[in-house]
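S.K.: Residue numbers in the sequence shown follow numbering that gives the first Met the number 0, run continuously in steps of one, and reach 207 at the last position. Just so you know, even glycine gets a beta-carbon here, dropped at the ideal spot from N, CA and C.
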Amino acid sequence: MNILLVDDHAVVRKGLRQVLAEELSGPSFGEVGSAAGLQQALHGRTWDLVILDLNLPDRHGLEVLKDLKTRHPALPVLVFSLYPEAHYATRAIKAGAAGYLSKDSAPEDLAAAVEKVLSGGKFVTSALGEQLAHELGRPASTASFKPSDRELQILRLIAEGHTLAEIADRLALSAKTVSTYRSRLLDKLRLRTTADLIRYAIESRLIG
Numbered sequence: 000m001n002i003l004l005v006d007d008h009a010v011v012r013k014g015l016r017q018v019l020a021e022e023l024s025g026p027s028f029g030e031v032g033s034a035a036g037l038q039q040a041l042h043g044r045t046w047d048l049v050i051l052d053l054n055l056p057d058r059h060g061l062e063v064l065k066d067l068k069t070r071h072p073a074l075p076v077l078v079f080s081l082y083p084e085a086h087y088a089t090r091a092i093k094a095g096a097a098g099y100l101s102k103d104s105a106p107e108d109l110a111a112a113v114e115k116v117l118s119g120g121k122f123v124t125s126a127l128g129e130q131l132a133h134e135l136g137r138p139a140s141t142a143s144f145k146p147s148d149r150e151l152q153i154l155r156l157i158a159e160g161h162t163l164a165e166i167a168d169r170l171a172l173s174a175k176t177v178s179t180y181r182s183r184l185l186d187k188l189r190l191r192t193t194a195d196l197i198r199y200a201i202e203s204r205l206i207g
């Protein structure tokens with residue numbers, strides 16, 4: 000089996016290789032550290048599984064996931080991320096991921112997730128399963144704050160200390176558009192300042 004590891008930290012990729020080499024039978028690995036590297040790897044070899052981090056340096060992982068599933072709908076993707084499951088896992092599953100696993104999971108959980116996904120199944124933790132069931136059964140009128148993927152991305156970048164101009168440049172948006180997103184977030188969350196947004200993001204564990 001051919002497994003492509005997509006993570007911008009070499010030490011994480013090395014750890015993944017070590018764990019999976021011990022737990023699986025005869026896996027072969029490729030590894031890249033960016034969305035651009037992923038695109039190159041997809042053209043150069045046939046893969047059975049992609050293990051994808053959401054925090055890539057050149058493009059947000061959710062966008063990468065959506066694009067990957069559009070271009071390669073049959074290729075299973077397991078998201079392996081530090082981002083809290085409560086905020087990102089359902090988005091990843093809805094975007095086409097076959098599973099979501101936190102980086103603080105035990106090695107045996109990683110192996111179980113990979114085996115489940117490689118067998119054609121979906122891997123979700125019991126907590127995520129309950130969350131998905133709750134969201135599917137909840138009337139829209141009672142839904143709590145659920146930012147769009149773009150709003151969540153901008154909120155995270157603001158919380159990391161980036162200026163609106165830097166965010167606009169990074170996301171290829173106009174500064175006015177980013178400012179509009181910021182104002183929308185303040186309105187939805189009933190907050191007043193950028194400092195309030197940062198505090199909310201930290202308390203919600205949207206950043207490390």
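Please check if any C-beta of chain D sits within less than 7 Å of the C-beta of ALA91.
M.R.: Chain labels in this structure do not include chain D; a single protein chain is all it has.
S.K.: With DSSP run on the structure shown, which of helix, strand or coil describes GLY98?
M.R.: Position 99 of the sequence shown, counted from the first residue, corresponds to residue 98. Shown here, GLY98 sits in a strand according to DSSP, grouped into three states.
S.K.: Which same chain residues, not among the five before or five after ILE50, have their C-beta less than 6 Å away from its C-beta?
M.R.: The count along the sequence shown starts at 1 and reaches residue 50 at position 51. Hits under 6 Å: LEU4, LEU77 and PHE79.
S.K.: Who are the near neighbours of GLY119 in its chain, counting only those whose CB is closer than 6 Å to its CB and skipping five residues on each side?
M.R.: Working through the sequence shown from its first residue, we reach residue 119 at position 120. There are no such residues.
S.K.: What's the gap between the Cα of THR124 and the Cα of LYS65?
M.R.: Within the sequence shown, numbered from 1, the residue matching residue 124 stands at position 125. Within the sequence shown, numbered from 1, the residue matching residue 65 stands at position 66. In this structure, the straight-line span from the alpha carbon of THR124 to that of LYS65 is close to 22 Å.
S.K.: If we ignore side chains and look at the alpha-carbon of each, how far apart do ARG10 and TYR180 end up?
M.R.: Here residue 10 corresponds to residue number 11 of the sequence shown, with the count starting at 1. Here residue 180 corresponds to residue number 181 of the sequence shown, with the count starting at 1. Per the sequence shown, residue 10 should be read as Val rather than Arg. Distance between the alpha carbons of VAL10 and TYR180: 35 Å.
S.K.: Can you give me the Cβ contacts of ARG204 inside the same chain, cut-off strictly under 7 Å, excluding the 5 residues immediately before and after it?
M.R.: Position 205 of the sequence shown, counting from 1, holds the residue named residue 204. Annotation for ARG204: PRO83 place their beta carbon closer than 7 Å to its own, counting only its chain and skipping 5 residues before and after.
S.K.: For PRO75, tell me which candidate among LEU100, VAL116, ALA105 and GLY43 has the shortest Cα-Cα distance.
M.R.: Mapped onto the sequence shown, residue 75 falls at position 76. Nearest of LEU100, VAL116, ALA105 and GLY43 to PRO75, Cα basis: VAL116.
S.K.: Less than 7 Å between the C-beta atoms of ILE206 and ALA158, yes or no?
M.R.: Stepping through the sequence shown from its first residue, residue 206 is reached at position 207. Stepping through the sequence shown from its first residue, residue 158 is reached at position 159. Yes; because the gap between Cβ atoms is below 7 Å, this pair is in contact.
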